[in-house]
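My numbering numbers the first residue of the sequence shown as 558 and each following residue consecutively.
One structure is given below, encoded as structure tokens.
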Amino acid sequence: MPPDQSAALQCDIVTLARHANPMDTTDEASTSPYCEPGILQLPRHSLQHRVPHVKQLFNWDCGLACAMMVLKAVGLHHCDYALLRQLCPTTSIWTIDLAHLLRRFGLGVAFTTITLGPNPAYANESFYSASLQEDERRVSRLFRDAHGAGISVAQRSVGAQELACALLAADTLVLVLVDKRRLDPWLAAADACLPYALCGLAGSDVVGYTGHYILLVGYDGARGEFLVRDPAGSSGGEPARITPGALDAARKAFGTDEDVLFLSHPALARRAQAAQQRRHPQPWQGQAEEEGDLQQEQGQYVVAGVV
558 MPPDQSAALQ
568 CDIVTLARHA
578 NPMDTTDEAS
588 TSPYCEPGIL
598 QLPRHSLQHR
608 VPHVKQLFNW
618 DCGLACAMMV
628 LKAVGLHHCD
638 YALLRQLCPT
648 TSIWTIDLAH
658 LLRRFGLGVA
668 FTTITLGPNP
678 AYANESFYSA
688 SLQEDERRVS
698 RLFRDAHGAG
708 ISVAQRSVGA
718 QELACALLAA
728 DTLVLVLVDK
738 RRLDPWLAAA
748 DACLPYALCG
758 LAGSDVVGYT
768 GHYILLVGYD
778 GARGEFLVRD
788 PAGSSGGEPA
798 RITPGALDAA
808 RKAFGTDEDV
818 LFLSHPALAR
828 RAQAAQQRRH
838 PQPWQGQAEE
848 EGDLQQEQGQ
858 YVVAGVV
């Protein structure tokens, strides 16, 4: 997206990640930093990040698969699934686990949620009940340690407009927790055999909340749709599409706490700019030069991201 359009939308996820008071729950902290106040309609601009699809392997690792997609998108190809499992050694993965995991690789991480820490209301929810007591101490500690780790945490709800504007900022991907039961009918790109085979769903008669992570990789302003990489969906091909209303129904369902991770990295912006230049090259810019610069940047970030 041209710089003037990005500035007009004021979609500055970096500002939130670096300067927000992570535990400020005042009205001032609830003001969106991404879009110009007073704009009610969704943006008309479009941007899609090139994010390789990573398929989850089990019924609990959708979050790790999304994290792997993010790392590949920013050029950290030396990271593998075994390393992520070593750094996040649990099969009961919460959003705060993923926030700390991705922060270790140098990403800017801003976490918005309507509940700070484990929600006691989920004690009787079958999806959480088996591990809630065991998880509570770890999750509470990770929330306390977030500020020191450089993770911005804000207790507030996020609207579809803010998600779209963050994606249009060019350096940001958005990881979202959803209720998979509400998501499946909308993701036409998902394999017909997969919706209930992953993320704890054993059959079409399953009832109750089923947590699932997806990655928003772009926004199509012409069609008013978000572009989604779903770790439970088909590998390869174009991202799935979902309307703002359908996405809101899935991500604001009971059980999600409306958890959202805004994940920023300079490599995303540079790749988006390089793609824009290839589509609309300047007279003095050749494609070979652009690709050479991009390869150099990728190498730089691989070194910087080693843990």
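C-beta: ideal position from N, C-alpha, C; glycine also.
This one's a predicted model, so the numbers in the text were calculated from it and none came from an experiment.
| Asked | Found |
| --- | --- |
| At the 9 angstroms Cβ level, is Leu734 part of the contact set with chain D, yes or no? | The chain inventory of the structure shown lacks chain D, comprising one protein chain alone. |
| Look up Ile771 in the DSSP assignment and say whether it is helix, strand or coil. | strand |
| Who are the near neighbours of Met625 in its chain, counting only those whose CB is closer than 6 angstroms to its CB and skipping five residues on each side? | Val611 |
| Please list the segments of the beta strand (DSSP E) lying wholly inside the stretch 662-738, counting only runs of 3 or more residues, in order along the chain. | 665-670, 708-712 and 729-736 |
| Opposite Glu795 in the DSSP bridges: which residues? | The partner list for Glu795 (beta bridge, DSSP) is empty, contrary to what the question assumes. |
| If contacts are defined as beta-carbon pairs under 8 angstroms, then His606 and Ala829 qualify, I think. What distance do you get, rounded to the angstrom? | 7 angstroms |
| In terms of residue numbering, what span does the alpha helix (DSSP H) encompassing Val627 cover? | Cys619 to Ala630 |
| Rounded to whole angstroms, how far is the Cβ of Ala717 from the Cβ of Asp787, which I believe are closer than 8 angstroms? | Wrong, their Cβ atoms sit about 18 angstroms apart, outside the cutoff. |
| Exposed or buried, which one is Ala706 when buried takes at least 16 other CB atoms within 10 Å? | exposed |
| Pick helix, strand or coil for Arg786, following the three-state DSSP scheme. | strand |
| Which word fits His704, buried or exposed, when buried means at least 16 other C-beta atoms lie within 10 angstroms of its C-beta? | exposed |
| Around the C-beta of Glu795, are 16 or more other C-beta atoms found within 10 angstroms, so that it is buried, or is it exposed? | exposed |
| With DSSP as the reference, label Gln605 as helix, strand or coil. | strand |
| When the Cα atoms are used, what is the spatial distance from Asp637 to Pro609? | 14 angstroms |
| I'd like the span of the beta strand (DSSP E) that includes Leu633, first residue to last. | First-last for Leu633: undefined, no H or E at that position. |
| When the distance is taken between beta carbons, is Pro600 closer than 9 angstroms to Ala721? | yes |
| Restricting to Cα atoms, I'd like to know which of His822, Gly781, Arg738 and Val817 is closest to Leu673. | Val817 |
| For the putative contact between Glu815 and Ile650, defined by C-beta atoms under 8 angstroms, what is the C-beta separation to the nearest angstrom? | Rounded, the Cβ-Cβ distance is 17 angstroms, inconsistent with contact. |
| Helix, strand or coil, according to DSSP, for Leu659 in the structure here? | helix |
| How far does the alpha helix (DSSP H) with Leu644 in it reach, from first residue to last? | Tyr638 to Leu644 |
| With H, G and I counted as helix, E and B as strand and the rest as coil, what does DSSP make of Asp654? | helix |
| Below 8 angstroms on the Cβ atoms is my contact criterion, and I expect Tyr770 with Leu732 to pass it. Report the Cβ-Cβ distance as a whole number of Å. | 6 angstroms |
| Go ahead and pull the three-state DSSP assignment for Ser589. | Interpretation of Ser589 is limited by its pLDDT of 40, a score under 50 that renders its predicted location unreliable; the figure taken from the coordinates is listed afterwards. The answer is coil: DSSP assigns Ser589 none of H, G, I, E or B. |
| Identify, in the order they occur along the chain, each residue of the same chain with its Cβ nearer than 7 angstroms to the Cβ of Arg738, setting aside the five sequence neighbours on each side. | Thr767 |
| Given a cut-off of 9 angstroms, decide if Ala807 and Val735 are closer than it, judged by their beta-carbon atoms. | yes |
| Leu818 lies in the beta strand (DSSP E); which residues open and close that run? | Val817 to Ser821 |
| Give the C-beta separation of Leu820 and Leu724 to the nearest angstrom, bearing in mind that I take them to be a contact with Cβ-Cβ under 8 angstroms. | Rounded, the Cβ-Cβ distance is 11 angstroms, inconsistent with contact. |
| Under DSSP, the alpha helix (DSSP H) around Arg808 begins and ends at which residues? | Pro801 to Arg808 |
| Of all the options Val715, Leu689, Leu740 and Pro646, which has the alpha carbon lying nearest to the alpha carbon of Phe668? | Val715 |
| Shortest alpha-carbon distance to Asp702 belongs to which of Ala779, Ile653, Gln643 and Leu641? | Ile653 |
| Compute the Euclidean distance between the alpha carbons of Lys629 and Arg695, then round it to the nearest angstrom. | 27 angstroms |
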